[in-house]
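Have a look at the structure below before the remarks.
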Amino acid sequence: MDSATARATCPQARKIILARHGESEYSARGRLNGDIMVAVGLTARGREEARGLGAQLRDQPLDLCVTSEFQRARETADLALRGRDVPREIDARLNDPLIGRYEGGSLEDYRAWASASPSSAAPEEGGESRLAIVTRYAAAFRDLLERPEGTILAVCHSLPVSYALGAREGKLPGARMPLAEHATPYPFTADELETAVRLLEMWAASPTW
1 MDSATARATC PQARKIILAR HGESEYSARG RLNGDIMVAV GLTARGREEA RGLGAQLRDQ
61 PLDLCVTSEF QRARETADLA LRGRDVPREI DARLNDPLIG RYEGGSLEDY RAWASASPSS
121 AAPEEGGESR LAIVTRYAAA FRDLLERPEG TILAVCHSLP VSYALGAREG KLPGARMPLA
181 EHATPYPFTA DELETAVRLL EMWAASPTW
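In structure tokens, the structure reads:
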């Protein structure tokens with residue numbers, strides 16, 4: 001089923017709320033984790049941030065929560081939704097990037113490499129290119145739009161949130177993206193996310209760097 005057919009037969013979600021996880025053991029130290037086999041949980045501060053996210057969403061009806069595979073995202077959703085009966089799903093396409101030789105290393109070292117490399121380049125030792133990353137994030141967002149639920153919370157990572165926020169404002173993906181705030185809800189209407197997804201899809205079809 002193509003996107004147009006899916007949208008015709010399945011009502012678009014009225015609202016999609018994107019949120020980065022709470023502070024993790026690695027983000028507190030400026031370190032990176034893109035390997036799902038490496039367990040990285042929330043710090044005490046991150047757990048408090050996750051509960052704060054729940055407080056901000058307390059009066060918001062939620063029909064579905066989608067998270068990445070990572071412990072920090074799932075733990076944030078657990079704390080934010082504690083006491084609420086919200087269906088949960090995992091979408092690996094919302095995962096943080098595979099970062100190859102930068103795994104466990106410095107965020108700034110990776111960002112320096114990323115700023116100096118084309119979007120088609122991937123870090124050595126099994127890393128993922130920014131072009132591949134944008135493509136899978138756009139596909140995940142497209143599927144959220146085609147869900148039947150009225151309001152969806154997606155708890156993921158800084159990069160997908162940052163790409164979506166920028167694209168909503170008409171900004172193409174850049175080699176260096178701003179960091180999204182921890183455990184902060186960023187609401188999108190279906191039309192706003194559609195606008196963002198179309199721009200991300202357009203860029204991925206013809207990257208500018």
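Its first residue numbered 1, the sequence shown is counted upward by one per residue in my numbering. Don't be surprised by glycine CBs; every beta carbon is placed ideally from N, CA and C. These figures come from a predicted structure and were not determined experimentally.
Would you mind giving the Cβ-Cβ distance between residue 141 and residue 180, rounded to the nearest angstrom? I have them listed as a contact below 8 Å. Here residue 141 corresponds to residue number 141 of the sequence shown, with the count starting at 1. Here residue 180 corresponds to residue number 180 of the sequence shown, with the count starting at 1. About 15 Å; that fails the 8 Å criterion.
Close-in-space but distant-in-sequence residues of the same chain around residue 152 (CB under 8 Å, 5 per side omitted): Counted from its first residue, the sequence shown places residue 152 at position 152. For residue 152, where only same-chain residues beyond five positions count, the Cβ hits under 8 Å are 13, 15, 16, 17, 62, 63, 64, 65, 66 and 144.
Taking the straight line between their C-alpha atoms, what separation do you get for residue 116 and residue 154? Indexing the sequence shown from 1 puts residue 116 at position 116. Indexing the sequence shown from 1 puts residue 154 at position 154. Taking the straight line joining both Cα atoms gives about 31 Å.
Assumed close pair residue 24, residue 41 - CB separation to whole angstroms, cut-off 8 Å: Start at 1 with the first residue of the sequence shown, and residue 24 comes out as number 24. Start at 1 with the first residue of the sequence shown, and residue 41 comes out as number 41. With 8 Å as the limit, residue 24 and residue 41 qualify as a contact, their Cβ atoms being about 7 Å apart.
Helix, strand or coil at residue 134 [DSSP, three-state]: Working through the sequence shown from its first residue, we reach residue 134 at position 134. The answer is helix: DSSP assigns residue 134 an H, G or I state.
For a test of the three-state rule: what should DSSP assign to residue 159, helix, strand or coil? As a working note, residue 159 is residue 159 in the sequence shown. Correct three-state label for residue 159: helix.
Burial state of residue 38 (16 or more Cβ within 10 Å): Walking along the sequence shown from the start, residue 38 turns up at place 38. It is exposed - the Cβ of residue 38 has fewer than 16 other Cβ atoms within 10 Å.
Find out if the Cβ-Cβ distance for the pair residue 185, residue 19 is shorter than 7 Å. In the sequence shown, the residue the question calls residue 185 occupies position 185. In the sequence shown, the residue the question calls residue 19 occupies position 19. Contact flag set, yes.
Under 7 Å, do residue 156 and residue 73 count as touching if we go by C-beta distance? In the sequence shown, the residue the question calls residue 156 occupies position 156. In the sequence shown, the residue the question calls residue 73 occupies position 73. Result yes, Cβ atoms of residue 156 and residue 73 sit closer than 7 Å.
DSSP bridge partner residues for residue 182 (one or two, in chain order): Taking the sequence shown and counting its residues from 1, the one referred to as residue 182 is at position 182. DSSP output for residue 182 lists 20 as bridge partner(s).
Compare the C-alpha of residue 26 against each of 165, 164, 105 and 159 and name the closest. Position 26 of the sequence shown, counted from the start, is the residue given in the question as residue 26. The shortest C-alpha separation from residue 26 is found at 105.
For residue 208, three-class secondary structure by DSSP: Start at 1 with the first residue of the sequence shown, and residue 208 comes out as number 208. Residue state, collapsed to three classes: coil.
In the DSSP output, what is residue 90 paired with across the bridge? Mapped onto the sequence shown, residue 90 falls at position 90. BP columns for residue 90 point to 67.
If you measure between the beta carbons of residue 112 and residue 76, is that distance less than 7 Å? Position 112 of the sequence shown, counted from the first residue, corresponds to residue 112. Position 76 of the sequence shown, counted from the first residue, corresponds to residue 76. Not in contact: residue 112 and residue 76 (Cβ atoms no closer than 7 Å).
Below 8 Å, how does it come out for the segment 83-94 and the segment 167-181: are there three or more Cβ pairs, yes or no? no
If you draw a straight line from the C-alpha of residue 139 to the C-alpha of residue 168, how long is it? As a working note, residue 139 is residue 139 in the sequence shown. As a working note, residue 168 is residue 168 in the sequence shown. The straight-line gap from Cα to Cα measures roughly 16 Å.
The alpha helix (DSSP H) enclosing residue 115, as first and last residue numbers: Counted from its first residue, the sequence shown places residue 115 at position 115. Element bounds for residue 115: 107-115.
Consult DSSP for residue 43 and reduce its assignment to one of helix, strand or coil. Here residue 43 is taken as the residue at index 43 of the sequence shown, counted from 1. Three-state result, residue 43: coil.
Residue 206 burial status per 10 Å Cβ neighbour count (16 or more: buried): In the sequence shown, residue 206 corresponds to position 206, counting from 1. Residue 206 should be labelled exposed.
Quick one: grab the DSSP three-state call for residue 172. Residue mapping note: residue 172 aligns to position 172 of the sequence shown, counting from 1. DSSP places residue 172 in coil when its eight states are reduced to three.
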